[in-house]
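Asker: Sending over a structure as C-alpha cells; questions will come in a sec.
Protein chains: 2
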Amino acid sequence: MTQAVIAIHGGAGTITRAAMDANREREYIAALEHVLLAGQRVLAEGGSALDAVTEAVRLLEDCPLFNAGKGAVLTHAGTYELDAAVMDGATLNAGAVACVKRLRNPVLAARAVLERSEHVLFAAEGAEAFAEAQGLELVTPDYYFTQARQEQWERARASAGMALLDHDAAALAAMAKKEEPIDPDRKFGTVGAVACDANGNLAAATSTGGVTNKQVGRVGDTPVVGAGCYADDVAAVSATGTGEMFIRTVAAHDVAAQIRYAGLSLEESARRVVMEKLPAIGGRGGLIAVDRDGNVTLPFNTEGMYRGVARVGEPVSVLIYG
Amino acid sequence: MTQAVIAIHGGAGTITRAAMDANREREYIAALEHVLLAGQRVLAEGGSALDAVTEAVRLLEDCPLFNAGKGAVLTHAGTYELDAAVMDGATLNAGAVACVKRLRNPVLAARAVLERSEHVLFAAEGAEAFAEAQGLELVTPDYYFTQARQEQWERARASAGMALLDHDAAALAAMAKKEEPIDPDRKFGTVGAVACDANGNLAAATSTGGVTNKQVGRVGDTPVVGAGCYADDVAAVSATGTGEMFIRTVAAHDVAAQIRYAGLSLEESARRVVMEKLPAIGGRGGLIAVDRDGNVTLPFNTEGMYRGVARVGEPVSVLIYG
Numbered sequence: 488m489t490q491a492v493i494a495i496h497g498g499a500g501t502i503t504r505a506a507m508d509a510n511r512e513r514e515y516i517a518a519l520e521h522v523l524l525a526g527q528r529v530l531a532e533g534g535s536a537l538d539a540v541t542e543a544v545r546l547l548e549d550c551p552l553f554n555a556g557k558g559a560v561l562t563h564a565g566t567y568e569l570d571a572a573v574m575d576g577a578t579l580n581a582g583a584v585a586c587v588k589r590l591r592n593p594v595l596a597a598r599a600v601l602e603r604s605e606h607v608l609f610a611a612e613g614a615e616a617f618a619e620a621q622g623l624e625l626v627t628p629d630y631y632f633t634q635a636r637q638e639q640w641e642r643a644r645a646s647a648g649m650a651l652l653d654h655d656a657a658a659l660a661a662m663a664k665k666e667e668p669i670d671p672d673r674k675f676g677t678v679g680a681v682a683c684d685a686n687g688n689l690a691a692a693t694s695t696g697g698v699t700n701k702q703v704g705r706v707g708d709t710p711v712v713g714a715g716c717y718a719d720d721v722a723a724v725s726a727t728g729t730g731e732m733f734i735r736t737v738a739a740h741d742v743a744a745q746i747r748y749a750g751l752s753l754e755e756s757a758r759r760v761v762m763e764k765l766p767a768i769g770g771r772g773g774l775i776a777v778d779r780d781g782n783v784t785l786p787f788n789t790e791g792m793y794r795g796v797a798r799v800g801e802p803v804s805v806l807i808y809g
Numbered sequence: 488m489t490q491a492v493i494a495i496h497g498g499a500g501t502i503t504r505a506a507m508d509a510n511r512e513r514e515y516i517a518a519l520e521h522v523l524l525a526g527q528r529v530l531a532e533g534g535s536a537l538d539a540v541t542e543a544v545r546l547l548e549d550c551p552l553f554n555a556g557k558g559a560v561l562t563h564a565g566t567y568e569l570d571a572a573v574m575d576g577a578t579l580n581a582g583a584v585a586c587v588k589r590l591r592n593p594v595l596a597a598r599a600v601l602e603r604s605e606h607v608l609f610a611a612e613g614a615e616a617f618a619e620a621q622g623l624e625l626v627t628p629d630y631y632f633t634q635a636r637q638e639q640w641e642r643a644r645a646s647a648g649m650a651l652l653d654h655d656a657a658a659l660a661a662m663a664k665k666e667e668p669i670d671p672d673r674k675f676g677t678v679g680a681v682a683c684d685a686n687g688n689l690a691a692a693t694s695t696g697g698v699t700n701k702q703v704g705r706v707g708d709t710p711v712v713g714a715g716c717y718a719d720d721v722a723a724v725s726a727t728g729t730g731e732m733f734i735r736t737v738a739a740h741d742v743a744a745q746i747r748y749a750g751l752s753l754e755e756s757a758r759r760v761v762m763e764k765l766p767a768i769g770g771r772g773g774l775i776a777v778d779r780d781g782n783v784t785l786p787f788n789t790e791g792m793y794r795g796v797a798r799v800g801e802p803v804s805v806l807i808y809g
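If you're matching them up, the sequences are chains U and F in order. Take any residue in the first sequence, note its place counting from 1, add 487, and you have its number in this note's numbering. Take any residue in the second sequence, note its place counting from 1, add 487, and you have its number in this note's numbering.
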C-alpha cells in the first residue's frame, strides 16, 4: 500500500508578499486547505486518485478566488469560455471539454466524457449538449461573474485589448517588444490536482477560464491531454501558465516521458520542463506532479504559485510564494 | 545539406486489394503522386519543411478522395466539422483549429494561427472568425459534399447511429461487445504530411473530417499537438486512426520522446507506438514520421494505409496495402 497523497494548484504568476494583503492571503490559504482536506478525505476513505482529483478540482471551480468555474476570467468579447480535462493513469482513460460556456463544473463534464463517451475531447456546443444529456448542471453566464475578474478584464482591454482584437502585424510587433502586454498576474490562472491513491494509481485533473481578454475560441493547454493534464503509470501532472508554450512543449507528457525513458526522478524531470524547456520558448508558469511512489513536486518559474499537498494521515501543507 | 524528403498519408483502415477496384486504385495512386510531386517541388526549390507539409496537406484537403476538406465525412447531425494542425520543428511553433465548419482549407487556418496569432489552438466559431479576419477562404457546407461520404454516413447511421446519439449506457454496453460498431473502413481517414528540408528542419501537418457519424463537437487527435501532429528537432510525426487512442497515448510526441530520451531509432520508436502501445488500448491506425537525417518510417497496424514518400531528386513512391 502506498501512502496516498493529493497535490493541488490554483494558478501561478506574479504573486508576491508585497502585493498581497493579509486578509486576501488568509482567504487563499483557507480555500486551498479546504480543497486539500476534501481530497485527502476521498483518499483516506479508500477512494481512487481519479475520484480525489475530480473532487478537488470541482471545489476549486466552485471557489470564486480561482480562475475556473465561478471566478473565471473573461474573453475579449466579455464572455466566459472554460476548458477542463481529467485523466486516469491506471487505464490511460481521459476526458476533456473545451470552450464550454454553460457548464457549472467543466471537470464533471470531462469526467463524464471519460466514463460515458467513446470520445475523449468535445468542444463548444457539442460538449455542452453531451454534458446536458448526462444530467450535469447548466448555468447562465452570470454564474461565473465576479467583480474582481470584471475589473481585470476592463484593465486588460484598456491596455492591450484592441491590439489583440485585430491580430494585426504592427500591433503584434509592438507587443512583442514588451515582455508582457498584460500584467502577468492577471494572465495565469488555472486550477488542478494530481493524486496517488493507496493502490499506487495516479490521476490528474485541470480546469481553467483561460487567459484574461483571450480571443474567442482560443483553447489553451488545459484540455489538451499531454500538455496541461496527463497521467500514466509513472506520473500524473497538472500545469498552469502560458498555455501555448505548454502545448508546444507537450509539457505534462514530457515530465512522464523523461522519467520513463531517461530514468530521471520526478523532481528532476519536472524541473527540466519548468526551469529549462518552457523558459527556452518564453513559457511561464508551473506544474504539480506525483509519481507512483507518492513523491510530489511543485516547481514554477514565476514569483508564486497557489499550491498545496496533503498526505493521508498528515497535516495539509499550503504555500503561495517562491 | 540533408537530402530533403516529404512523406504523406491519406488515412489508414481496412484497405485491401480485394475490396479495391482497379479504377479506384489508379485514382488514389494518381492523387497521392500528384501531392508528393508538389511537396517535392517545394523542397527542391529550397522551400522549408513547413511550407512543404502545408502545401501537401492543402492539396489533400482539396482532393475529394480523402477525409479532409472536400470529401470530409459527416457528423451524426449530418454536418461537417474539420480539424487541422501544423507544427514547425525548428521553432516548436504550432497552430491548430478544431471543429471548423466553414473553412475551405483548415490547414491554412492552422498555418495562419502558427504565424499570426499569439495562440496555438482555436475552436469552432472563434477559429472561423480568426481565419476570416486573416482573409482565408470560407465555404458553405455543400462544398465538402461528396456522394461517397453521404452514403457512408447513411450506412453508419443505419447500423449504429441511434445508439451514438443518446450515449445511453445500455447502448454503449451493447456496442462494447462488438469490436467495431461501424465498419472500420469508414472510420479512419485523416491526411497528413511530414518533411525534412535541406537544412535538416522538420515539420508536420495533419487535417481531418474526423470519424463518420461522430458526435457533434467531438475532437480527435488531429488538432492536438503531441497526439496527431508533432514536430521538434528529432522527429516530425503525423498520425491517422482511432484518434482517441492517439490522444491517450500522446502518440506523436511519444515517437519523438523515445528517440530523444531512450535513444531509439525513428523506425523502432514509431514501431513501438503503432504496434505495441496503441494496440494495448485498442488503438488502430498508423503514422508517418521523419527524422533530421531524412529517415522515413510509415508503420500502421491496419490492413492498409494510403501513403507515399518523395526524396528530392528521386522518383516518388506510393503504397496502399500492407
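Idealized CB from N, CA, C, for every residue including glycine. Note that the coordinates shown come from a computational prediction; the quantities given were computed from them, not determined experimentally.
Where does D538/U sit, in a helix, a strand or coil, going by DSSP?
Answerer: DSSP places D538/U in helix when its eight states are reduced to three.
Asker: Whole angstroms are fine: how far does the CA of D570/U sit from the CA of L523/U?
Answerer: Answer to the nearest angstrom: the Cα atoms are 22 Å apart.
Asker: Could you give the DSSP three-state label for K701/F: helix, strand or coil?
Answerer: Strand at K701/F.
Asker: Which ranges would you report for the beta strand (DSSP E) in the segment 570 to 626 of chain U if only whole runs of at least 3 residues count?
Answerer: For the segment 570 to 626 of chain U, whole beta strand (DSSP E) runs of length 3 or above, ordered along the chain, are 580 to 587 and 608 to 610.
Asker: Straight-line CA distance for V760/U to A680/U?
Answerer: If I take the Cα positions, the gap works out to 18 Å.
Asker: Under the rule that 16 or more other beta-carbon atoms within 10 Å means buried, what is P861/U, buried or exposed?
Answerer: Past the edges of chain U, shown from 488 to 809, lies residue 861/U, and the structure says nothing about it.
Asker: Closer than 9 Å, Cβ to any Cβ of chain U: which residues of the segment 601 to 635 of chain F, in chain order?
Answerer: From the segment 601 to 635 of chain F, only R603, S604, E605, H606, V607, L608, F609, A610, A611, E612, G613, A614, E615, A616, F617, A620 and Q621 have a Cβ closer than 9 Å to chain U.
Asker: Quick check: the Cα distance between V737/U and A509/F, rounded to an integer number of angstroms?
Answerer: Between V737/U and A509/F, the C-alpha separation is close to 43 Å.
Asker: Identify, in the order they occur along the chain, each residue of the same chain with its Cβ nearer than 7 Å to the Cβ of V529/U, setting aside the five sequence neighbours on each side.
Answerer: Cβ neighbours of V529/U beyond the five flanking positions: D538, A539 and E542.
Asker: Can you round the beta-carbon distance between T677/U and T699/U to whole angstroms, since I take them to be within the 8 Å contact cut?
Answerer: Their Cβ separation, rounded to whole angstroms, is 12 Å, which puts T677/U and T699/U out of contact at 8 Å.
Asker: Could you have a look at F733/U and say whether DSSP puts it in helix, strand or coil?
Answerer: In the structure shown, F733/U sits in a helix (DSSP, three-state: H, G or I).
Asker: Quick one, are the C-beta atoms of A581/U and R735/F less than 7 Å apart?
Answerer: Contact flag set, yes.
Asker: Could you check which residue in G565/F, L623/F and Y631/F has the C-alpha nearest to that of L547/F?
Answerer: Of G565/F, L623/F and Y631/F, the residue nearest in Cα terms is Y631/F.
Asker: Given that L530/U touches chain F, what residues does it touch there, using C-beta distances under 7 Å?
Answerer: Chain F residues near L530/U: none, gap ~24 Å exceeds 7 Å.
Asker: Does A581/F get closer than 7 Å to chain U when you measure Cβ to Cβ?
Answerer: A581/F counts as touching chain U.
Asker: Output the residue ranges of the alpha helix (DSSP H) runs that lie fully inside the segment 707 to 764 of chain F and measure 4 residues or longer, sorted by chain position.
Answerer: Fully enclosed alpha helix (DSSP H) runs of 4 or longer: 730 to 735, 738 to 749 and 753 to 759.
Asker: Do D778/F and L753/F have their C-beta atoms within less than 7 Å of each other?
Answerer: In this structure, L753/F lies closer than 7 Å to D778/F by Cβ.
Asker: Can you give me, in chain order, the residues of the segment 729 to 740 of chain F that have a beta carbon less than 9 Å from any beta carbon in chain U?
Answerer: Taking 9 Å as the Cβ-Cβ cut-off against chain U, the residues of the segment 729 to 740 of chain F that qualify are G730, E731, M732, I734, R735, T736, V737, A739 and H740.
Asker: Report the CB separation of A596/U from L625/U in whole angstroms; it is logged as a contact under 8 Å.
Answerer: The pair is not a contact, with the Cβ atoms about 10 Å apart (cut-off 8 Å).
Asker: Counting only beta-carbon atoms, is Y567/U nearer than 7 Å to chain F?
Answerer: Judged by the 7 Å Cβ criterion, Y567/U is not in contact with chain F.
Asker: Determine, using beta carbons only, whether V711/F comes closer than 7 Å to chain U.
Answerer: It does; some Cβ of chain U falls within 7 Å.
Asker: Under 8 Å Cβ to Cβ from V492/F, same chain only, skipping five residues before and after it: list those, please.
Answerer: Around V492/F: L530, A682, C683, V777, G781, V783, V796, A797, R798 and V799.
Asker: Using a 10 Å radius around the Cβ and a threshold of 16 neighbouring Cβ atoms, would you call Q702/F buried or exposed?
Answerer: With 16 or more Cβ atoms within 10 Å of its Cβ, Q702/F is classed as buried.
Asker: By the criterion of Cβ-Cβ separation under 7 Å, what are the contact partners of I768/F in chain U?
Answerer: The answer, in chain order, is L579.
Asker: For the segment 783 to 801 of chain U, enumerate the residues whose C-beta is nearer than 9 Å to any C-beta of chain F, in chain order.
Answerer: Here the close residues number zero.
Asker: Using alpha carbons as the reference points, say which of G809/F, G704/F, A744/F and G773/F lies closest to V587/F.
Answerer: Selected option, being the one with the closest Cα: G704/F.
Asker: Excluding the 5 residues preceding and the 5 following A525/U in the sequence, name in chain order all residues of the same chain whose CB lies nearer than 8 Å to its CB.
Answerer: Same-chain partners within the cutoff: E542, A543 and L546.
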